[in-house]
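What follows is a short report on a single structure.
Number of protein chains: 4
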Amino acid sequence: MILILKGGATEQQIDHVIQRVESLGLKAHLSRGTFRTIVGIIGDESEIVVESIRAIPGVAKVVPVLPPYKLASREAHPESSVVDVSGVKIGGGHVGLIAGPCSVEEEDRMHRIAESIAAAGANILRGGAFKPRTSPYAFQGLGEEGLRRLRDVGNAHSLPVVTEVTDPRLVELVAEYADMLQIGARNMQNFALLNEVGASKRPVLLKRGMSATVNDLLMCAEYILSQGNPNVVLCERGIKGFDPATRNLYDVAAVPLVQQLSHLPIIVDPSHATGKPELIPACALAGLAAGADGVHVEVHDCPEVAKSDGPQALLPEQYAELAQQMKSLAELLGKTVSPLPETTA
Amino acid sequence: MILILKGGATEQQIDHVIQRVESLGLKAHLSRGTFRTIVGIIGDESEIVVESIRAIPGVAKVVPVLPPYKLASREAHPESSVVDVSGVKIGGGHVGLIAGPCSVEEEDRMHRIAESIAAAGANILRGGAFKPRTSPYAFQGLGEEGLRRLRDVGNAHSLPVVTEVTDPRLVELVAEYADMLQIGARNMQNFALLNEVGASKRPVLLKRGMSATVNDLLMCAEYILSQGNPNVVLCERGIKGFDPATRNLYDVAAVPLVQQLSHLPIIVDPSHATGKPELIPACALAGLAAGADGVHVEVHDCPEVAKSDGPQALLPEQYAELAQQMKSLAELLGKTVSPLPETTA
Amino acid sequence: MILILKGGATEQQIDHVIQRVESLGLKAHLSRGTFRTIVGIIGDESEIVVESIRAIPGVAKVVPVLPPYKLASREAHPESSVVDVSGVKIGGGHVGLIAGPCSVEEEDRMHRIAESIAAAGANILRGGAFKPRTSPYAFQGLGEEGLRRLRDVGNAHSLPVVTEVTDPRLVELVAEYADMLQIGARNMQNFALLNEVGASKRPVLLKRGMSATVNDLLMCAEYILSQGNPNVVLCERGIKGFDPATRNLYDVAAVPLVQQLSHLPIIVDPSHATGKPELIPACALAGLAAGADGVHVEVHDCPEVAKSDGPQALLPEQYAELAQQMKSLAELLGKTVSPLPETTA
Amino acid sequence: MILILKGGATEQQIDHVIQRVESLGLKAHLSRGTFRTIVGIIGDESEIVVESIRAIPGVAKVVPVLPPYKLASREAHPESSVVDVSGVKIGGGHVGLIAGPCSVEEEDRMHRIAESIAAAGANILRGGAFKPRTSPYAFQGLGEEGLRRLRDVGNAHSLPVVTEVTDPRLVELVAEYADMLQIGARNMQNFALLNEVGASKRPVLLKRGMSATVNDLLMCAEYILSQGNPNVVLCERGIKGFDPATRNLYDVAAVPLVQQLSHLPIIVDPSHATGKPELIPACALAGLAAGADGVHVEVHDCPEVAKSDGPQALLPEQYAELAQQMKSLAELLGKTVSPLPETTA
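Chains as they are written, first to last, in full-length UniProt numbering: chain A, 1 to 345; chain B, 1 to 345; chain C, 1 to 345; chain D, 1 to 345.
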């Protein structure tokens with residue numbers, strides 16, 4: 001890490017900086033420029049150390065040199081990780097296609113949707129049982145009943161299932177039913193929840209928060225990894241932007257950026273990123289072309305009766321067309337859409 | 001609510017829209033323009049209804065007419081609410097001055113800081129015992145030991161205390177020690193947590209999330225209010241912006257905006273909003289001038305040894321000077337800084 | 001357009017609204033809801049009318065129904081436009097590949113770069129002669145000498161050329177040398193300049209401003225179209241975002257969005273969007289996959305001696321590899337990279 | 001400036017970096033850490049040098065140490081500048097109160113508005129004659145006729161006048177009539193225009209662009225200063241934000257930030273920042289409390305017939321009340337609202 005001292009820092013301040021740095025067990029290397037004095041520091045760059053140093057009188061700026069995440073970084077782990085979701089691989093050339101309704105719906109409908117997406121080539125079924133809703137008066141999900149139904153429908157169609165968990169007290173319950181635990185964008189920095197899914201053995205789908213930098217996202221993955229769960233798949237699902245024409249701002253450049261900084265797989269979610277069905281196919285293909293390890297799309301056979309987020313779902317026939325295009329594109333890129341597992345647990 | 005249909009919506013689509021609207025128990029009022037057909041809808045405007053309607057084929061846009069929050073809205077409750085924090089009033093002309101270190105520190109230091117802020121005129125002591133940190137390797141707070149110390153120090157100086165709660169499982173514990181429960185920016189949309197503090201009887205300090213609109217903030221207040229806890233104080237603490245010159249973007253216009261939309265008190269936190277001690281006094285005064293019902297400032301007597309967020313703390317002597325200016329400004333605005341309670345619980 | 005009146009608007013206010021609307025030559029259609037009165041308005045929706053109406057006492061909100069642009073809208077012109085840049089087609093299935101250095105460089109180097117990009121499959125050469133620089137002390141371009149050199153090099157390699165114009169007084173001069181006039185992001189709303197290029201006969205490459213919505217971009221295209229120049233190609237080149245990890249935020253969803261709203265071609269510029277050579281190939285492919293009608297990439301054979309923006313240029317060999325991938329992807333999408341014209345003017 | 005080399009930079013790359021740095025006439029100072037090699041550079045930090053160095057193979061990051069502006073920086077000019085607008089002082093404790101309609105209106109109305117704002121205590125009259133409008137179909141201003149009228153009305157009420165100039169070809173004409181030239185937000189980085197107003201002798205009101213950082217704003221001031229015109233007043237008028245509840249996002253923290261980095265005066269414009277009359281008074285007071293050297297407010301006596309921007313104007317009686325509050329607040333802060341000049345030119 002590098003300290004830039006304020007213009008006009010006194011000798012006394014410089015001495016104090018050196019002394020403080022050394023009292024933290026670090027080595028300081030002084031360099032006096034014409035206008036500014038610089039102190040190079042060798043050693044630990046954890047957040048608490050950076051903060052302490054930035055608060056020393058006379059310090060203008062602290063420039064970290066190393067990334068603050070370790071387990072998530074590609075430097076520490078050069079090979080791309082492959083996450084196995086009950087037999088479906090994501091990462092390292094294996095493409096995951098996650099599809100399904102926003103909320104778990106009635107049983108018949110779930111079977112119809114699952115059948116259609118499996119036929120189209122999707123390999124993981126999604127559906128929310130515990131829904132984080134901006135309004136306390138909106139539908140909050142079916143709870144355990146929804147988990148059970150999702151599991152049954154997944155089994156019937158040989159599709160592993162992913163569903164969101166929103167409360168640390170529910171991680172154990174959700175992990176009983178689901179093959180993969182989703183952390184939603186609003187909970188990306190819910191550290192109590194991250195610690196719980198980190199302690200679980202289930203693969204985790206970690207969605208990027210709406211105001212999270214890529215660095216923030218990787219730090220949250222680090223929480224999960226540091227608890228001993230290495231099976232983290234990241235997801236770009238749109239961040240906050242100023243143009244009301246789309247629901248969120250789809251940051252497709254985050255895909256290659258994450259892949260340079262980290263070994264973890266990253267998928268895209270054009271449904272939440274755009275909120276507009278007519279933009280989803282183009283943005284799904286863009287994500288794959290950018291190198292994404294998978295694509296998450298909401299699918300519903302009658303959006304106007306969906307329990308939530310109907311307006312952003314594709315119809316099964318639209319999804320089938322898109323899935324065909326995604327397979328061709330994956331092939332062009334030298335990747336494979338992962339096949340369904342023989343049987344799911 | 002108003003539906004704008006797509007250009008070229010067919011008669012069949014229009015009929016289906018009317019039918020769907022009526023099947024939801026609402027009344028539709030059709031209006032055919034030269035270029036577009038409009039449907040006015042009278043009745044419930046909850047989120048699920050808006051979503052369902054937006055997903056009907058042929059609908060281009062849904063424009064809600066009423067705010068989606070009810071209990072939080074000023075329409076429903078024209079008089080400004082006053083929240084009482086163990087004897088210290090916030091709102092309706094009463095100014096709360098919250099000050100203290102980011103994390104609860106060692107006992108001696110806590111007493112020194114508490115003494116200095118009380119002497120300066122602050123009326124609530126803050127300090128974190130459970131810290132949400134972006135790094136899993138950073139100091140996570142002292143836990144219950146921190147709560148106990150904060151309580152003791154508050155009692156010794158007749159200062160009610162506020163501290164953050166980050167996990168729904170900890171609400172009961174924190175409420176035993178604290179006069180006010182803080183929900184941090186990263187947890188603003190942690191709905192499980194909001195429901196728990198809503199079920200508690202303690203006043204809640206609800207900080208605005210970094211990507212939250214004012215509408216989002218009021219919807220989160222609605223979660224708490226709808227659980228039966230009316231004692232919510234909102235806090236503008238900076239949102240995500242594009243200029244790295246400050247830590248966050250201080251949205252001071254949110255203060256008068258919230259006050260028009262809602263009866264709830266709103267305070268400002270220039271420490272987190274700017275992240276720069278040299279900007280805090282100007283921004284604290286700006287918040288008060290904009291009409292804020294209080295100001296939250298981090299104070300530490302030796303920022304370079306602070307357990308967290310040292311770089312953004314004011315020194316006690318800087319805070320004393322600022323508090324003096326805030327008192328003069330409050331007076332000019334016809335407001336009063338709330339006095340300390342005779343005794344705290 | 002639809003007016004939503006304030007809750008509690010008086011009969012007198014309602015009458016005044018109707019009267020004002022009619023005095024503007026428009027027809028008003030009143031609809032009284034339980035909580036709000038709505039006025040539907042039939043007729044002109046130009047900006048000045050919207051503003052005037054929004055300022056009438058008692059009006060809470062004005063919701064436009066029609067897009068504010070006419071010539072640029074797809075409703076008015078359903079077929080996709082094809083812009084011909086001296087023989088190279090952009091739009092309607094024809095892909096433009098624009099490449100070259102940020103600034104026009106010395107003659108030898110320009111020839112080397114032009115030769116390499118033509119061999120790779122690019123069909124338009126770029127290079128800046130008048131550079132808008134954030135610093136008054138930075139290199140400002142070679143001026144007319146640069147224009148002449150760009151023209152000569154383009155001719156030598158049968159490549160039409162595009163270059164930026166930054167000053168309305170220079171449009172005529174630049175149009176003498178260039179096949180296409182670029183309006184840079186910082187000048188997107190320089191209306192004096194838009195009017196001048198609108199009066200010119202040259203095709204225009206209009207880059208999206210860093211804080212421009214898609215609607216803003218289309219309004220600026222409307223300026224040019226309304227002056228009688230129909231040859232406008234739009235360009236997504238990144239908007240302002242909060243994550244410093246990339247130079248700008250690449251809004252790839254703007255590509256399909258523009259294509260739904262407008263008939264004008266739109267290309268992408270991953271060089272400016274990301275500012276990082278290592279992200280450019282992935283983002284170029286993402287743009288094409290999203291449906292872009294072309295890709296603009298900066299290429300330099302020795303970035304460290306580039307007169308400007310060296311850090312974001314691809315090397316010729318990197319560009320050649322990318323161009324190959326772009327051609328394969330275009331083919332998969334049923335599009336063709338436009339061939340070089342037989343001869344350029 | 002400091003270079004951080006990539007992890008794994010080779011000896012050959014390090015040698016090449018040193019050689020390139022020295023070939024630019026700079027001195028390099030090498031420092032090898034455990035994980036990264038750092039090169040401190042002493043000498044010129046202009047933009048072109050930074051870019052060239054960032055493009056050298058093996059360089060991961062360049063950290064500038066000095067601000068890129070010189071004439072605008074407070075380091076170079078510690079005392080706060082006072083700008084004299086034909087007898088009205090702005091800066092250094094002198095408060096400018098600029099008020100008037102968005103566009104120059106008919107003569108009678110201009111006199112009525114001017115009279116009312118002068119009586120309220122405003123000291124500069126504003127009014128647009130050349131209007132930058134997002135729509136080519138909107139009212140574009142009265143042109144020279146508007147300039148003449150503004151001048152006459154200003155003279156009649158002893159108010160200096162400020163008006164926007166949007167085209168470098170018009171600077172001379174506008175400077176004949178106006179006491180102060182306004183550069184609007186959309187033209188902040190119109191460098192041709194900045195150079196022309198820099199060559200003029202008139203004071204300049206430079207508004208911050210909607211996506212401009214404070215650093216960008218100061219670089220644009222540097223353009224004007226470097227042309228020999230030292231009379232620059234900056235203006236915070238709201239930047240692009242994600243919450244549609246206000247027109248722009250009022251960045252009040254930019255006021256103290258600019259005052260630390262620069263000696264130039266800075267005023268605020270809550271009219272454009274919020275776009276909502278009901279928020280203007282609170283935000284005007286917030287700006288003053290944050291230390292602003294002046295406040296710019298749009299005033300119109302019948303907003304619904306305003307030629308432009310009616311919805312964000314205060315009525316004269318609202319402005320009079322606000323002006324009274326601003327005077328009291330200025331007094332509390334030890335500042336003075338500048339009196340009207342005896343006569344204006």
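We put the beta carbon where it would ideally sit given N, CA and C, even for glycine.
Would you say residue i reaches chain A, if we count a Cβ-Cβ gap shorter than 8 Å as a contact?
{"i": "serine 135(D)", "result": "no"}
{"i": "residue 420(B)", "result": "Absent from the model: residue 420(B). The displayed extent of chain B is 1 to 345, so no value can be given."}
{"i": "valine 337(C)", "result": "no"}
Are the C-beta of residue i and some C-beta of chain C separated by less than 8 Å?
{"i": "tyrosine 223(D)", "result": "yes"}
{"i": "leucine 147(A)", "result": "no"}
For a contact meaning CB atoms closer than 8 Å, what does residue i contact in chain A?
{"i": "valine 65(D)", "result": "Ile4, Gly33, Phe35, Arg36 and Ile38"}
{"i": "isoleucine 56(B)", "result": "Glu304"}
Using a Cβ-Cβ cut-off of 8 Å, state whether residue i counts as contacting chain B.
{"i": "isoleucine 42(C)", "result": "yes"}
{"i": "proline 78(C)", "result": "no"}
{"i": "asparagine 155(A)", "result": "no"}
Given that residue i touches chain C, what residues does it touch there, using C-beta distances under 7 Å?
{"i": "histidine 29(B)", "result": "Ser31"}
Which bits of chain B does residue i rub up against, with CB to CB less than 7 Å?
{"i": "arginine 169(A)", "result": "Pro168 and Arg169"}
{"i": "glutamine 260(D)", "result": "Glu278"}
Residues of chain B with CB under 8 Å from residue i, in chain order?
{"i": "glutamate 75(C)", "result": "Gly7"}
{"i": "leucine 285(D)", "result": "Ala289 and Ala290"}
{"i": "aspartate 269(D)", "result": "Neighbours of aspartate 269(D) on chain B: none; closest Cβ ~12 Å, over 8 Å."}
Cα-Cα, which of the options is closest to residue i?
{"i": "glycine 121(B)", "options": "Asn229(B), Glu304(B), Ser328(B) and Leu5(B)", "result": "Ser328(B)"}
{"i": "proline 265(D)", "options": "Leu332(D), Asp84(D) and Gly228(D)", "result": "Asp84(D)"}
{"i": "glutamate 144(C)", "options": "Arg133(C), Val165(C) and Leu125(C)", "result": "Val165(C)"}
{"i": "glycine 334(C)", "options": "Ala55(C), Pro311(C), Leu288(C) and Gln312(C)", "result": "Leu288(C)"}
{"i": "alanine 185(D)", "options": "Arg112(D), Pro244(D), Ala118(D) and Lys131(D)", "result": "Lys131(D)"}
When the cut-off is 8 Å and only beta carbons count, does residue i lie next to chain D?
{"i": "arginine 20(C)", "result": "yes"}
{"i": "glycine 241(A)", "result": "yes"}
{"i": "proline 244(A)", "result": "yes"}
{"i": "alanine 345(C)", "result": "At alanine 345(C), the pLDDT of 45 sits below 50, so the modelled position is not reliable; the number obtained from the coordinates is stated separately. Not one chain D Cβ lies under 8 Å of alanine 345(C)."}
Under 9 Å Cβ-Cβ, which residues of chain C neighbour residue i?
{"i": "glycine 334(B)", "result": "In chain order: nothing, as chain C lies at least about 26 Å away."}
{"i": "lysine 276(B)", "result": "Result: empty, since nearest Cβ-Cβ is about 17 Å, beyond 9 Å."}
Please report the Cβ distance between residue i and residue j, rounded to the nearest whole angstrom; I am assuming they are in contact, meaning their Cβ atoms lie under 8 Å.
{"i": "tyrosine 177(B)", "j": "glycine 198(B)", "result": "Incorrect: roughly 19 Å between the Cβ atoms, too far for contact."}
{"i": "valine 252(B)", "j": "valine 252(D)", "result": "5 Å"}
{"i": "leucine 159(B)", "j": "alanine 118(B)", "result": "6 Å"}
{"i": "proline 311(A)", "j": "arginine 54(B)", "result": "4 Å"}
{"i": "alanine 175(D)", "j": "arginine 202(D)", "result": "5 Å"}
Listing by chain order, which chain D residues have their CB less than 7 Å from the CB of residue i?
{"i": "glycine 238(A)", "result": "In chain order: nothing, as chain D lies at least about 12 Å away."}
Do residue j and residue i have their beta-carbon atoms positioned less than 8 Å apart in this structure?
{"i": "tyrosine 250(B)", "j": "alanine 284(B)", "result": "no"}
{"i": "serine 116(C)", "j": "alanine 282(C)", "result": "no"}
{"i": "leucine 314(C)", "j": "valine 299(C)", "result": "yes"}
{"i": "leucine 279(A)", "j": "leucine 257(C)", "result": "yes"}
For residue i, return the contacting residues in chain A, with the cut-off set at a CB-CB distance below 7 Å.
{"i": "glutamate 51(B)", "result": "Ser308, Asp309, Gly310 and Pro311"}
Run down chain C in chain order and give the residues with a C-beta less than 8 Å from the C-beta of residue i.
{"i": "serine 328(A)", "result": "Leu332"}
Report the neighbours of residue i on chain D: residues whose CB is nearer than 9 Å to its CB, in chain order.
{"i": "proline 265(B)", "result": "None at all; the shortest Cβ gap to chain D is about 15 Å."}
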